[in-house]
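What follows is a single structure, written as structure tokens, with notes after it.
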Amino acid sequence: MSELERYPHVIPSRRSIVDADDAARIRMINEDVWIEYPLAAKILGHVKYMLQLPIKQQSPCLLIHSNGGMGKSALYQKILSLYGFGRNSGATLASMTIRAKHAAGHRTFSDDLIGAVTGSMYRSSRLEDEKLSAAIASRDVRGIVLDEVNDMLHANRSDQARNMKFIKELSGAPYHLMVIAIGTHECNEAINSDRQFARRFSRIELTPWRDEQALRSFIATYTMTFPLKAPSDVGKSTIVKYLVSESDGVLDTIVKMLCNAASWAVLEGREEIDLDLIKKGREMPIAKKD
Numbered sequence: 112m113s114e115l116e117r118y119p120h121v122i123p124s125r126r127s128i129v130d131a132d133d134a135a136r137i138r139m140i141n142e143d144v145w146i147e148y149p150l151a152a153k154i155l156g157h158v159k160y161m162l163q164l165p166i167k168q169q170s171p172c173l174l175i176h177s178n179g180g181m182g183k184s185a186l187y188q189k190i191l192s193l194y195g196f197g198r199n200s201g202a203t204l205a206s207m208t209i210r211a212k213h214a215a216g217h218r219t220f221s222d223d224l225i226g227a228v229t230g231s232m233y234r235s236s237r238l239e240d241e242k243l244s245a246a247i248a249s250r251d252v253r254g255i256v257l258d259e260v261n262d263m264l265h266a267n268r269s270d271q272a273r274n275m276k277f278i279k280e281l282s283g284a285p286y287h288l289m290v291i292a293i294g295t296h297e298c299n300e301a302i303n304s305d306r307q308f309a310r311r312f313s314r315i316e317l318t319p320w321r322d323e324q325a326l327r328s329f330i331a332t333y334t335m336t337f338p339l340k341a342p343s344d345v346g347k348s349t350i351v352k353y354l355v356s357e358s359d360g361v362l363d364t365i366v367k368m369l370c371n372a373a374s375w376a377v378l379e380g381r382e383e384i385d386l387d388l389i390k391k392g393r394e395m396p397i398a399k400k401d
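For the sequence shown, this note's numbering gives the first residue as 112, with consecutive numbering after it.
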């Protein structure tokens, strides 16, 4: 019997790993994977729609915000995998993660932002408009995705205002870049500091997972990536309710519990996930002794 026939409960690309050693399987269980869910699909659809719009005097902007652990970083990476630099063709989204160094002064922030939108062709915010416009057009850059926008609030008020003004200028003539901002709820405070600019943003919140049917579908798809030798009945109401209750609906916690449970299933030779292992998955597994 072939691997495809023996392990139909595992996605085809991972069935060859099911008979590998425990260490290899545990590494695969804990790899980052993208699982689409309704709200993520909606956001990606918005981004695709924005890229299809004609160049506008005031480019559309999107703010994605949530508490920690709700999948913002995975969504950021997914957007870049679809539309970031390095793809073969089509409209491109530049990207930049706001870091602690950007709170040190406006010049650092603005220089790094110019580097981001020009693909590192230039790194000075003192660049002439004509050169900047040409660099943006030559790479078909239609927008910028900014991650951890809440960290803009670490700068002093003067630099916060200057940083936001600089982003606003890039979204208008002659650059017309759309802005996709991602971060915690504090992003709203950063964006709202410029009321005129704030009106350009559509806002979407990544909310805690409470819908049992939606979570059941997510879990079923996610566990199909685990190279276990037996199928897991993770759709049981007791399992779904427990995950919602124990995680408080935080996606990162749900994923960690599932990965830990699957790792325990390998380490203990049980090869399937049940409620007992989900409960055990609240803690990090312990590797076997050599």
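Virtual Cβ for every residue (Gly too), placed ideally from N, Cα, C. Quick caveat, the model's predicted, so the values are computed rather than measured.
Status (buried if at least 16 other CB within 10 Å, exposed otherwise) for residue i
| i | result |
| --- | --- |
| Glu-147 | exposed |
| Tyr-160 | exposed |
| Ala-152 | exposed |
| Trp-145 | exposed |
| Met-395 | exposed |
| Ala-211 | exposed |
| Thr-349 | exposed |
| His-296 | exposed |
| Pro-119 | exposed |
| Pro-338 | buried |
| Ile-166 | exposed |
| Ile-389 | buried |
| Arg-125 | buried |
| Arg-136 | buried |
| Leu-105 | The requested residue 105 does not occur in the structure, where the chain is confined to residues 112 to 401. |
| Ile-255 | buried |
| Gly-360 | buried |
| Ala-372 | buried |
| Ala-134 | exposed |
| Ala-376 | buried |
| Ile-397 | exposed |
Supposed close pair residue i, residue j - CB separation, criterion 8 Å
| i | j | result |
| --- | --- | --- |
| Ser-282 | Ser-127 | Going by Cβ atoms, the distance from Ser-282 to Ser-127 rounds to 47 Å, so no, they are not a contact pair. |
| Leu-402 | Met-181 | The requested residue 402 is not part of the displayed model; the chain covers only 112 to 401. |
| Arg-314 | Leu-191 | So it is not a contact: roughly 21 Å between Cβ atoms. |
| Arg-253 | Leu-186 | That belief does not hold up - the Cβ atoms of Arg-253 and Leu-186 are roughly 18 Å apart, past 8 Å. |
| Cys-370 | Ile-140 | 6 Å |
| Gly-294 | Lys-367 | Incorrect: roughly 21 Å between the Cβ atoms, too far for contact. |
| Ser-177 | Leu-288 | Not a contact, Cβ separation roughly 24 Å. |
| Ser-249 | Ser-236 | Incorrect: roughly 19 Å between the Cβ atoms, too far for contact. |
| Ala-266 | Ala-214 | 4 Å |
| Val-158 | Ile-291 | 7 Å |
| Arg-311 | Cys-172 | 5 Å |
| Lys-189 | Leu-150 | Contact flag wrong, Cβ pair sits at about 13 Å. |
| His-217 | Asp-270 | 5 Å |
| Lys-399 | Leu-378 | 6 Å |
| Gln-168 | Ala-284 | 6 Å |
| Ser-358 | Thr-364 | 4 Å |
| Ile-247 | Tyr-194 | Between Tyr-194 and Ile-247 the Cβ distance is about 15 Å, and since that is not below 8 Å, they are no contact. |
Residue i - containing alpha helix (DSSP H), residue span
| i | result |
| --- | --- |
| Phe-277 | 268 to 282 |
| Ala-245 | 240 to 249 |
| Glu-316 | Run containing Glu-316: none in the alpha helix (DSSP H); it sits in the beta strand (DSSP E), 312 to 316. |
| Leu-354 | 348 to 358 |
| Thr-364 | 362 to 378 |
| Ser-184 | 183 to 194 |
| Arg-138 | 133 to 140 |
| Ser-328 | 323 to 334 |
| Ile-389 | 386 to 391 |
| Asp-222 | 217 to 228 |
| Asn-299 | 298 to 303 |
| Arg-306 | 306 to 309 |
Limits of the unbroken beta strand (DSSP E) element including residue i
| i | result |
| --- | --- |
| Asp-258 | 252 to 258 |
| Val-290 | 289 to 294 |
| Ser-206 | 203 to 208 |
Can we say the stretch 311 to 325 touches the stretch 193 to 205, given the rule of at least three CB pairs closer than 8 Å?
-> no
The stretch 223 to 233 contacting the stretch 262 to 269, beta-carbon criterion three pairs below 8 Å | no
Flag this pair as touching only if the stretch 264 to 284 and the stretch 295 to 314 have three or more C-beta atom pairs under 8 Å; answer yes or no.
-> yes
Fully enclosed by the stretch 144 to 177, which beta strand (DSSP E) runs are 3 residues long or longer?
-> 172 to 176
Any chance the stretch 381 to 390 sits against the stretch 334 to 352, with 3 or more Cβ pairs inside 8 Å?
-> yes
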